[in-house]
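Position one of the sequence shown corresponds to residue 160 (the numbering used here), numbered consecutively onward. Glycine is no exception: its CB is placed at the ideal position from the N, C-alpha and C atoms. The structure under discussion appears below in the form of structure tokens.
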Amino acid sequence: MTAQHDKQLEARIQAAAEGVGIPSDLPAAEVEAYRRMYRAIRQTPLPALAPDFACRLEQLTRDLPEQAAVEIWILRGLGALLLVAMASLAPALLQVVAAAAAKATLLPWPLLLGSCAALFFAGAVDRIALVRR
């Protein structure tokens with residue numbers, strides 16, 4: 160038998176243990192073993208929480224920012240690199256913006272405004288559909 164077949168058989172035995180009857184093609188002893196295990200789990204009482212459980216949990220989670228110091232410094236370094244890259248691209252970006260502004264007089268403004276209105280309308284419809292879901 161393959162591992163996939165074994166997993167499928169195990170899943171069928173577990174499903175049969177959760178049900179009422181036992182299918183004839185499954186080993187009854189294994190189904191009964193699962194049923195005894197489920198019964199034992201259901202009947203076992205839950206232990207009471209320790210009196211200082213909340214304090215201990217708060218203490219475990221209090222120092223999380225300090226434990227993430229390496230990740231915070233990595234992100235700060237990446238942010239600094241991003242700012243340097245943006246600053247080095249600023250002259251080229253300014254040239255592109257200046258060239259676009261010079262050609263802006265040639266744009267068909269009614270078509271541009273209609274496109275913006277269509278995008279706004281599509282976004283509004285999407286938000287309304289999202290809220291209704």
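**Report entry** Buried or exposed (CB count within 10 angstroms, at least 16 for buried), residue 175
**Finding:** On the sequence shown, residue 175 is found 16 positions in, with the first residue counted as 1. It counts as buried.
Report task. Evaluate residue 378 with the Cβ neighbour count: other Cβ atoms within 10 Å of its Cβ, from every protein chain shown; 16 or more gives buried, anything less gives exposed. Result -> No information on residue 378 is available, as it lies outside the stretch 160 to 292 that the chain covers here.
Query raised in the report: Measuring CA to CA, which of 220, 213, 282 and 172 is closest to residue 197?
Result: The residue labelled residue 197 in the question sits at position 38 within the sequence shown. Selected option, being the one with the closest Cα: 172.
Report task. Pull up the distance between the alpha-carbon of residue 269 and that of residue 235, whole angstroms please. Result -> Here residue 269 is taken as the residue at index 110 of the sequence shown, counted from 1. Here residue 235 is taken as the residue at index 76 of the sequence shown, counted from 1. About 44 angstroms.
**Report entry** alpha helix (DSSP H) segment containing residue 269, residue limits
**Finding:** Position 110 of the sequence shown, counting from 1, holds the residue named residue 269. First-last of the alpha helix (DSSP H) with residue 269: 268-291.
Report task. State the Cα-Cα distance for the pair residue 184 and residue 202, rounded to the nearest angstrom. Result -> The residue given as residue 184 occupies position 25 in the sequence shown. The residue given as residue 202 occupies position 43 in the sequence shown. One C-alpha to the other measures close to 29 angstroms.
Query raised in the report: Can you tell which of 212, 213, 177 and 216 has the C-alpha that lies nearest to the C-alpha of residue 200?
Result: Along the sequence shown, read from residue 1 onward, the residue named residue 200 stands at position 41. Residue 200 has its Cα closest to that of 177, out of 212, 213, 177 and 216.
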